Each structure stands twice: as C-alpha cells, then as structure tokens.
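Protein chains in written order, with my numbering: chain B, 12 to 481; chain W, 30 to 133; chain R, 92 to 734; chain Z, 10 to 494.
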C-alpha cells in the first residue's frame, strides 16, 4: 500500500527530497562549495529523469485527487529533462552566485508544483499545484535583487498572476456552484454547456490563457521575460508553459469535453490572435530576450492550433511539439544566457559577426532558431507540421492557412538574427568564448534533440500510443 | 426563521469582486493594489462558502477550498510584499506608474 | 533502288571539318586548317557531282519522270504518332541541282580564301565557320522534312551571323551581324508558325506526304481550306507565313534591309552566303513546296509574284545609286532573287504553265556562278585597293587584266547578253512572265535594262573612269589559289547557260523542251545593250556627267540613294516603339509595381506592428485591464452571439 | 538500386568536408563527392533503361519505410523517367557548380557544405513519392540558399537573400496547406488518410477538393518557378548570389517548382487542372512575353539572365498548363535544357565577373579577343537560350510549341503564337548582350592581360556544354526517357 503510493509518487517525492536536502544544507549552514551543490542537484535530477523511464502501473491516489499514468509520467519526465538542461546551462551563472541554494529550492518547488498540477484529478489539487508553482516563480523572477528591471518584472508578474488566479478561482467557484463538485470526472458528467457554466469556463480558461500567454492575456510575458534572469526566462518559456499546456489539453479533452463545440471556436480565435500578435511584436524587437519572448507567444498560438484538432493526433502532436520546443527554445536561450553571463550583451546588434569568433555557438543558435521557425530537417519542422496537421483535421483550412502564413512572418525575425550572426560585422564583436563542460553537455543535448528527433518516428508513435482524444 | 436567500450573498460577493477589480485598475499604490486583489480572493471565498452551505451542504469541499485560498493568499501576499519592498529599494517609490521601464 | 547512303557524307564532311577546326583550329591546326576545310569540301563536291550524274543520267528517271527519292531517314524527335521530326535526305532534281551548286561554290570560296584570308589571326575559326555553313546549307537543300529544313534554316542563319561578325572588333560588323540575325529570325517566326499550321492539319511533317495530302483531294486538304482565320483560309495563312520565312532569308522587300549591311563580312563569305547560296534558300523553299502553292493556293502565288517583282525593281533602282562596290552587288543580288521569285510566281494552269518554275531554278543555277564570280572579283579588287568605295578605284583594267576579264564576263552574263549564261535563264523568266502577267513582264524588262546599266556602271567606274589607277604597293592579283576560282567560275558563267536545264529540272519531273526564245529575246537584249551604252556614256571617262544625270532624276535619285529610307523606318519602329514603348515600361512596371507590391506587403506588416505597439504599454494596470476586457469580449462573443 | 544513396551521398560528402583539415581540402573532397554522385546518377540512368527494357511499368526502384506510423507518413522514394532526368541534371550542375567555386576564399568549408546540403534537398525532392517526404525536401532547400546568398553573395545580398527566403517560404506555406487538404481528402472509403503519391493517384480526389486545393498547390510551387506575378525574387536572388549558387538556383531550384506543379498539382488533380488551365496559360504567356521585354532593358549580365529565366520558365508553365502530352514533355525538356543552359550562362558570367569585376554590359566589350574560351561558352549559352537548333533550347521550345499548338481553341493558339514570338525578342536581347560585351572593340585597356578560363572552369563549362549539345543533337534519347503518359 505505502510502497504503491511511494512508487506512484516517485518523481514528486524525489524532487521533494532534493528540496529538503537543500534546505537542510542551507539551515545547517554547512559550508559546502557551490559547485558541489550544483553537481549534487544535477545528479539527482538526472536520477529523477532515469526514474521516469521506469514503467509503473497507473494509479489514482487520495481518492481521486492525484492521478498518474504513463502519459503523465512521460510529461513530468519531459519537464524534468527541461529543468535539468536549464540547470546545466545555468551552471556558469550559478557557480559564483551566493544564493544558488535558494535558487534551486525555489526552482524545484515550482517543478513539484507543476508535477502535482498536471497529475491533479481535482480542482483543489490543480489550484494548489498552480500556486505552488506560481509564487516561487514570481520570487525567482526577481532573483537579481539589485537589478531594477528584475524586481519590476517580478512586481508585474505577481500582481497580474494574482489577478488572474483570482479570476480563475472565481470561475472555479462558479463551476463549483453549478456542479457541486471539484473532482474532474464528476464535473465532466454534470456539464451541460449552459451560459452560466460557459461563463465559468471562460474565467477558468483565462487562467490557463494567462499562463500560456495567449493574446490578450499575454501582456505580462514580454516584460517579465525581459526583466527576469535569463535562466528564469528560459524556465518560464518552456517548463511553465509546457506544464500548463499539458494540464490545459487534458482538462479540455476530458473535463470540458461536453463543451467541445464552444471551446473549439474560442481556441481558434485565441490561436489566430496569439500567432499574429506575437509575430507582429517580435518583428520589431532588437533585444534578443524580448524577441524570444514574443516568439514564444507566437509558438503558443501554434500549439493552440494543434489543440483545436481535439483528436489523439492533436494531443500527441502538442506533447511532441513541447518536447521539441524544449530542445529548440532552450538551445536558443542557452546561447543567449551563456553569452549574456559572459559578456552581458543581449541585443541583436551585439551578435553581429558572432560566427567569425564563435562558430559552435552560432550554429547552435542558428539550428535552434530554424527549429523554432519550423525549417527542416530540424525537429521543429515536424512539430509544426503535426500541430497544423492536427488542426486541419477539423477542415478549417482558412485558419490553417493563416497559421502557415504566420510561419513565414516568424521566419523573418528569426532570419534577422541569423543575418546578424553570419552576414554582418561590427567593430568589436563578441570575443572567443570558452564553453565549460556542463553547459556544453546541455548544448549538445539540445542540438542532438533538434537534429535527430524528427528522424526518430518512434518517439511520436510512443506519445501517440499514450495520448487521448475524441 | 427565514434566512437570507443565496442570490443576496452572491450579489455581495460579486460586488466585492468588482470593487476589488476597480481598485486594482485605479490605485497607483502597489500595496493598495495588492489589497484589492485580496478583495477579489475574498469574494471567491464568499462564493465557495455560500454555495457549499446553500446548495451542497452534504459535503464540505467549498469550505475547505476557502481555507486553502486563505492560506495561499497569505503566502502570495508575503511574496508580493517582499518583491514590492525590493522594488522600492531600487525605485524609491511604490507608485506603479513609476515601474514601466520595460515596454513595447 | 540503288543505295544512296553515302550521300550523308556530303553534308557530314564539312561538319567534321567544322568540329575539328572549331576545337583545335585556333591552337594546333592554325596553319593547315585551310587545307583541311578545303579538302573536306572538295570531297563533297566530287560526291555531289557523282550523285548528280547518277541521279540525272542513270537512275533518277523512272519511265521518263524524275522521282523524288528518300535516300536516308531517321527519327530525330517524335511528338506524336505520325508527327515527328525526321532527319532525312530527299533527292529530286532541285535538291540534286542545289547540292552541286552549293558544294561547288563553297569549294571555290574555300579555295579563294586560302589566299584571301592568309595571315588572319582567326584563320582556323574562319574555316570552321565556313564548314558549319556548308554543312547547314547542304543539309537544308537535302531536307525531306519541313521541320528539318527549319532546323538547317536556323543553322544557316547562325553561321551567317558568325561570318558577318567575323571582324568582331568592328562595331559596324557586329551591328550588321545582329541585324541579319534578328531580321531573318523575325521572318523565321513566320516560317515556324506556318509550319505549325500546315503540320497540324497535314498531320505530318514529311514533305512528300504533306504535298501529296495538300495537292490531291483529301480530308486534310478539306480541313485546312475550310478552317479560316480572319476570313482567310488556314492554308493561305500557312503558305504565306512560310513564304515570309523565305522572303526574310532571300532578302525580299520589305525584309531585305539586312543584306546590304551583311557585306561587312569578309568578301568571300559574301560571295558564298549572300550571293550564291544562302539567300536563294527562300526561293528553294518555295520551290520545295511548289506543288502546294501552285495547285492548291494560287492567291499566295500572286503575292509571291508581286513581292518578287517589286523587290527586283526596287533593288535595281537602288543599285544604280550606290557607290560601295559590295553594296551594289548586294542590291543586284536582291534584284536577281526577286527575278527568281516572280518567276516562281508566274504559274498558270495553261500548257507550259510551270515554265516559271524551271526558269527560276535555272536562273538560280546560273546566278550562282556569275554572282559568286562578281564577288570574288570584288574581293580581289578590294584586296588590292583596300577600299570598297568605287571612287578609290578606276582604271584597274591594266593592273589586273585577269580580274578585268572575269568581271566583264560576269557583267555580260548578268546583263543577259547572249551567249552568256544569264541570257538563257533570264529569257525563260521573261517569257514565263509575259505569258502570265504583262505588267510583271514590263517590270522584268525594266529591271533587266537597269541591271545592265548598274552592272556596267560598276564595271566602267572600277576598270575605266580614270587612267592609271592605283599602282602603289601593287601585289598582282593575289596567289594562284585566288586566280583559279575566278577562271573556273568565269568558265561557269560562260557555259552554264548551255546546260539543258528544262530537260532536268521541271515541275512534273518530265522533260520539257524550251520554247524557242529567238524573236522574243530581241527586246530584252536591246534594252540591256541600251543600258550598257548609257553606262559607258556616263562612266567610261572621268567627267561630271553622272552628277548631271543624277540631277535629272532629282528626288528619285535622292530617295534611291538613301534606299528609300526603309532602314530609318525600321530603326524608328524598333528603337522608338518596341524599346521605349514596350520594353522600358515592362522593366519599370516589374521593378516598381509588381516588385513594389511584394515589398509593400512587408511594409504594411511592419506598419501594423508599429501601430499596435501601444498595447504593450509597460503599465501593469493596463495589462490587467486588457486581461479583463479580453474576458468580457470572449464572454459576449461566445455566450450571447455564438449560442 | 537503393535510391536513398543519392540523398545520402551529398550528406556524407558534407560531413567529410566538415572534418577535412587540409587547406583547400574542402573543394577536393566535395569534387570527389559530386563526381561519385554523377557516376551514381549515370548508373541509375543505365539501370533504369535496363528495367524499362525488361518491360517493368510505373515507378521503379521503389523503397518504402514507415516514418510516422500513426499519421500514415512514410519515407517513400522511387523514380520514373522524369525524376531520373532531373537527377541527372542536378548531378551535372552540381559538378559544374563545385568546379566554378574553386576559388572560394572565406569559409570555403561552410560554402561547400551548404551547397551539398542544398543538392541533397533537390535529390530528395526529385526522388520522393510520399508528399510529406517531398515537402520535407522542398523546404530543406530554402535556408541554404539564404545563407549562400547572404554570406558569399554580392550587391544588396542581405535584401535579396531575405526576399528569396520569405517568398519561397510563402510558396511552401501554400503548398503545405494544399498538401494537408489533399491528405484529408484521401481517406474515407479508400482507407486511411495518406500522403502516398501512387495511392492518391489511384483514388480520385473529390472534385470539390480539387477545385479548392489545386490553386494553392499550383501557385505555391509556381512561386518556386517564377510564376508571374510572384517572380520578383528571381532577379534579385540570382544576381546577388555567388556564381555556384546562381547556377544551382536557376538551374535546379526553379525546377523544383515546375516538377512539383507537374507531379503533385496536375497529376493528382487532373480535373481542376483542366478547369484552371486557361488561367495558368494566361499567366505563363504573360511571364514569357513580359519577361522577355523586361530582359531587353537590363544592363547587368546577371539581371539579363535572371529575367530571361523568368521568360524561359514561362515555357515550363505553359507546357504544363497546355496539358497535352507533347506540351508536358516539352515542359520537362525545357526544365532540363534551361537547367543546363542557365547554369552555363551563370558560370560564364561569373568567370567574366571574377576577372573584370563588372557585370555591366556597357563597361564590357571585346572579351572575345581577350578570353576566347569564356566568350565562346557565353555565346554557346546565348545561342542555346535563343533556341538555336543543335542545342537543347531549340528541342525543348519546339516541343512545347508543337504540344501547345495541339490544344484546340483559338485563345490557346494565340498564346502559342505569342510564346513563339518571344523567341525573336530573346534573339534581340541575347544578341545585344553578346554584341556589346563579347564582341566589339575592347572597352577598357586594363582588360588586356586578363587570363582565360582555368582548367576547372573549362571542365565545368565542358560538362554543361556537353549536356546541352547531347540533348540538342540527339534529343530522341531524352524523349524516350521521359515518355509521359
């Protein structure tokens, strides 16, 4: 019995263990060198990643509060992998940072929050997971205490997220009033698509939309991404977004299935708005972090397009895309963060002539951007293709056409970066940079993921075999 | 004894909700904005309790949810205050208008 | 039927010469390239004479009628069943006659060039081009397939372009080459479309089948005559367009403008291409399709008749006024070709109605000799005085007696004085014209008189006019390699008339005995002599009579001197209209409108993105406001409107 | 024969190039690679003839391997006559391209790697029988072009590169939507949805779907082959690109479009093709005539050739639009002929530019005296472009004309005649360019002493010229190779 619980909770528990370990280290004030802590954490995250591959039977704990099955384990593992990559990339930033331990405590508690959120079977559990992840995140985003922008970002983040969770809760309360329960399964049975429930749903949706930064709930994104430490930005843009997408698509496909007709239209609208706005804003950016922020907004537009497919292919393609997206986006963010920690330069113009001095970084950046733009043979191509393919399943080709054209627009600003790196030159280009071991490993993982993912069809097959849809 | 109908209570909570929102939109002071958010959360609490008491009195889900919300609101407030203080260190002001360095 | 396969060697040998010299001529074979080229052509000459002998005297006739023979055939490019470009060799009287003429004159020119072009830097290239031309011309005359003839037609044009532009560092030469190519290309467009029209309805590209289907009653003939465009039957369209192609190559009015300029090429080239062979390709083309023209569409034949007559007269008039020796010859060429053309035009369905056919071919045959001779003489003269202008010459008869003699023979021949070759062919033509159309006959007479006049004007002002002439730096009349061709050709010009042509080359292949020309010949000969005397009176001695005479004609003279301003009209049309009114706008539109559209798409996108940047105001309160607005809009849209 | 080898070979070569250490090792490695590739392609040709002689019909050397099973997406390759011809073309052009870029100084490794990558995309495209595979390879080819032009190009290279990349991506976006449309209309009774070309060719797509998706696919592919009015990337792109890239761009990449129009749009949606063919023919005719006139006004040799490419690719679209067997065959011939011709032309222009550092016609002159070889190949390319018999251009154009003429209807006839008329204009601008830059007196004294072509340039020119003449003198083997049903 206990063993069963523990095994089902293995990923969450291990993360919790790490957190407590770090707490003890901190409180015990034992003077460990930061490197040791970093290595320890990375190692344990790696162990956790390995645990994810251990197949264990599906189970439902705490009378329906907590679900777990192969799909969820996979999703958690994807998030875990992303976190691991980020922490590897952050190595050179953290190793001489005083509060490395706190950073990890916060980071991992958000991770645990996401874990609980995506395997929640109940609105209460969902809310707890969400907040467990949101509040540390806001703290993280002001982690550069002395940087003005950082704390400004944090302020915007906490206020708007508090507001959004307020609306989310209001929606939940209305839904509770309408159905009289908090457990997903029962809600699904009791939904009838009445105006009242629809209003509740829209409020809840706005909570999700805020997290995945769908237009018009996205406005915090750019500022927070720009202000926060790049590591946190990377985390926000892939892990947090990915996690929320996981739970979002699950709730849509299971809980709000009766309302499918309604939310399909809403999602199409949001998706178009998100893609277009994200791209249009990204066109004009000169700061790379901001550009990537808007590009990630546009990406969520594409993911929404995939969700609208509301088929197994839709679910599978979304998960697949998020996996790919982790590699590509972390590749790009990794380069940006590495360069900015080394030289503190973050604008596109600073990258002029980068290729002459740092070919490897340039190629990583280029491939990641191509993957984000969906250019073959990078994995991003397959991700985008499947998303829109799933979306087209509904036969709404105008929508898909708009999405396809948006891919062209997005290509423009990605190519601007490429142009700066490969074609332009400047008086004092970024000097030759030595990449330490751990970030290098992270880069290679991203690169490998970008290059080979598309050619390994079985990955998609596996995800598809687990995914849900109707 | 005749009791207050549910709709009245819902009206109160909704009013509270919009008051909070209004405060959030108009107040320049970050602390006040934070308080308005708390108002919103409290309106939610009222909702939960009311629904629970009036419609689904057999279970206590709503009430428990309220408890959690209160707790989390506290945590949120703590972090928010911390952030705001930190911002004040850098900005020497808690006027939200002052913090719009990053835009467009 | 005997095996004619070796005939393929006749065109292939010059081709081989072209390939070899083209690849190695410039570097390795520079010295002996001339010999190689000449040798190759010599073999072709022998072969073609052998073929001619065999065809005319031993095997060609089947029960008294010369049969066309397909000596060789291979599918080259097949479009659809029955419709394919074949590489085939057809033997019939005209083609056999033509291969003799072409290879013979070409050989003469090769020989002549040995001396004339000696020491040229691109000697090998020159012979390579000559080889290419000879190959293409022989291929042209042997073609048994209308598309095959078009192919060689183009190749001939190209090699003519290359040879005219041989002195490529002379801008005038380059311009002339361009002009020649483009004008003929324009005409060939007509040819091509004509081919498309004819072939589509004939459902074949093979000459014999096509002629057969269009001359005997057949569904194809019915189809093409019934179908019409702008009220004219497609058959007429097709034939006219094909004729336009021929007119372009043969420099008939109004497509003649390229020929005089083409004289920028080396003189032997002018002799070969622009006098004896290529320019008569048009005549040959019409002759090749003659049955169709004659039997199925007399209307087009009328067009041919008048175009030919006008060209003949016009060219003759212009020739009287030119002072550049080669240009005079060029215009006379044009005039003679006009002769041949209207000879073909004179078909009528009386007895001996096809006399014009024989006559035209006959004139083509004789003309080749004396016109080539004239050009080669001109070559010798230019070689000597280093100038094309008549006024730099004069009184050369002492210093170059041989040339003088040959030139005189040629002039008499072209003037149609018996017993020189030109006489016979011309008489036949005039006779045919007389029977067919009196008006054209008069034009013919007038032209022959003018011909005599300008030829002797040329003759006198080159060899007489003033005494002494240039003797400075006098290097005789060139080496033997230049003399021999003159003599041989002179002999040809003298004797070619006695070939019993009407027994060999006739419309229906059956022999036809020439009508006695005796009495009929008086008038033309008298006129010719009159012309000669007039020329002698004006140009024999240096005097200002010519100017006076010119003054008498006044405007006419001026017009003729400026070639009736046809060149100017053309250049106006091309420069002003085609370039400025079509080309320039097209380029402008492309850059500014079409491309501008594409760029403006990007511009609009950028403008929009600049326009909406205000939403990202940086104020968290605006953010939450938009957040709430978003919810409100969604709620309104999807709760009240969509349900 | 395992066709995937043709795709892998360039990639392997590229990898070897990456690890080639020695100075100038890159070019030798890539030369070897492309030569082997050329031999492979010839081997393919011979095997293909063997198979056909043995009487096997349909696609040959097919190979299927499941890629994304749940979506029924396969890696599926196979060849028919057309693809064999196109592959040969690509191989030949690639050898020439590597040879002419012998003197790439900066980042030569990257240059050759990108070039090889580009070619791999083209090979894959011509091989693939699964529409997904096809699209995959189609899009692969966009980015290398961008980098090649942007890094090694000349003039306003960034602008041109960006324009090219965006317009081509726009094209492939349309193709993408079209393909999805096709995919979702294959299923139903005929079994699961599929991208598999032979299968789709069997199931007849519903007419409605054809009407909706044919324009997307045709225009999308058409942008690649300079369909009016989406041709404006061509002049800038071609003229800014480095020589090898221009050769490949004009020679091969533009043919991807034509091939796609034929293989995907027309052959999968015959009904819609017939309905839309007047529009196609109209656009093609405009492209032909208008392109030719626009060319007449150009002053820069590369612009001249680029615009003439628009006009010539018009013939491709015209032939495809006319839909008669002969016309389509002519279109394919034109693809191959134009590929060789324009590659040769760009090679010659590149050589001239390397030496004189100008491409402006009025600055050049009398080159025939100084660099006879280069001038000769320039003239040959020009003559081929104006359709001189004995060179490939004539064969292709004549076939297109004959085919178009067989389409009954006065409008079609007029379109054909206009197309024919364009050959005169072609003659005009080719001869103007030749007359001014190659012939005439030497304009600039410092041109004296400029060297003629080096061995590698000569080799490149000879290879391309051999192809041109082989087709021009003996077209029957080509027409046998691509007998279109």
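Note that beta-carbon positions come from the ideal geometry of N, C-alpha and C, so glycine has one too. Here the structure is a predicted model, which means the values were calculated and not measured.
Close Cβ partners of residue i (< 7 Å) along its chain, the five nearest in sequence each way excluded
| i | result |
| --- | --- |
| residue 484(Z) | 404 |
| residue 551(R) | 626, 627, 630 and 631 |
| residue 236(R) | 176, 177, 179, 296, 297 and 298 |
| residue 27(Z) | 118 and 122 |
| residue 298(B) | 237, 357 and 358 |
| residue 296(B) | 302 and 305 |
Heavy atom of the ligand MG within 7 Å of residue i beta-carbon
| i | result |
| --- | --- |
| residue 544(R) | Annotation note on the ligand MG: not contained in the displayed structure, which lists no ligands. |
Same chain, Cβ closer than 6 Å to residue i, neighbours up to 5 away in sequence not counted
| i | result |
| --- | --- |
| residue 414(Z) | 425 |
| residue 214(B) | 178, 181 and 182 |
| residue 436(R) | 392, 395, 396 and 399 |
| residue 332(R) | 281, 284 and 285 |
| residue 641(R) | 648 |
| residue 326(R) | 315, 316 and 388 |
Per-residue burial, residue i [other beta carbons within 10 Å of its own, 16 or more giving buried]
| i | result |
| --- | --- |
| residue 176(R) | buried |
| residue 12(B) | exposed |
| residue 457(Z) | exposed |
| residue 464(R) | buried |
| residue 563(R) | Residue placement at residue 563(R) is poorly supported in this model, since its pLDDT is 47, which falls under 50; the coordinates still yield a value, given next. The residue is exposed, with fewer than 16 neighbouring Cβ atoms inside 10 Å. |
| residue 74(B) | exposed |
| residue 24(Z) | exposed |
Proximity winner among the options, relative to residue i (alpha-carbon distances)
| i | options | result |
| --- | --- | --- |
| residue 325(B) | 80(Z), 14(Z), 33(Z) and 11(Z) | 80(Z) |
| residue 387(B) | 367(Z), 127(Z) and 193(Z) | 127(Z) |
| residue 159(R) | 522(R), 300(R), 638(R) and 107(R) | 300(R) |
Secondary structure of residue i, DSSP reduced to three states
| i | result |
| --- | --- |
| residue 283(B) | helix |
| residue 157(R) | strand |
| residue 178(B) | helix |
| residue 109(B) | coil |
| residue 58(W) | strand |
| residue 133(B) | strand |
Sequence-distant residues of the same chain with beta carbon closer than 8 Å to residue i, five excluded per side
| i | result |
| --- | --- |
| residue 96(R) | 162 and 163 |
| residue 36(Z) | 107, 110, 111, 113, 117 and 121 |
At least 3 beta-carbon pairs within less than 8 Å: the segment 201 to 214 of chain B vs the segment 82 to 97 of chain W: Not touching, per the Cβ criterion.
Touch test, the segment 45 to 62 of chain W against the segment 705 to 719 of chain R, Cβ-Cβ under 8 Å, three pairs minimum: yes
Cβ pair count under 8 Å reaching 3, the segment 269 to 276 of chain Z against the segment 292 to 311 of chain Z: no
Stretch pair the segment 315 to 324 of chain B + the segment 392 to 411 of chain B: three plus CB contacts closer than 8 Å: yes
Meets three-Cβ-pair contact criterion under 8 Å: the segment 402 to 417 of chain R and the segment 538 to 545 of chain R: yes
Sufficient close CB pairs (3 or more, under 8 Å) joining the segment 238 to 257 of chain B to the segment 281 to 296 of chain B: no
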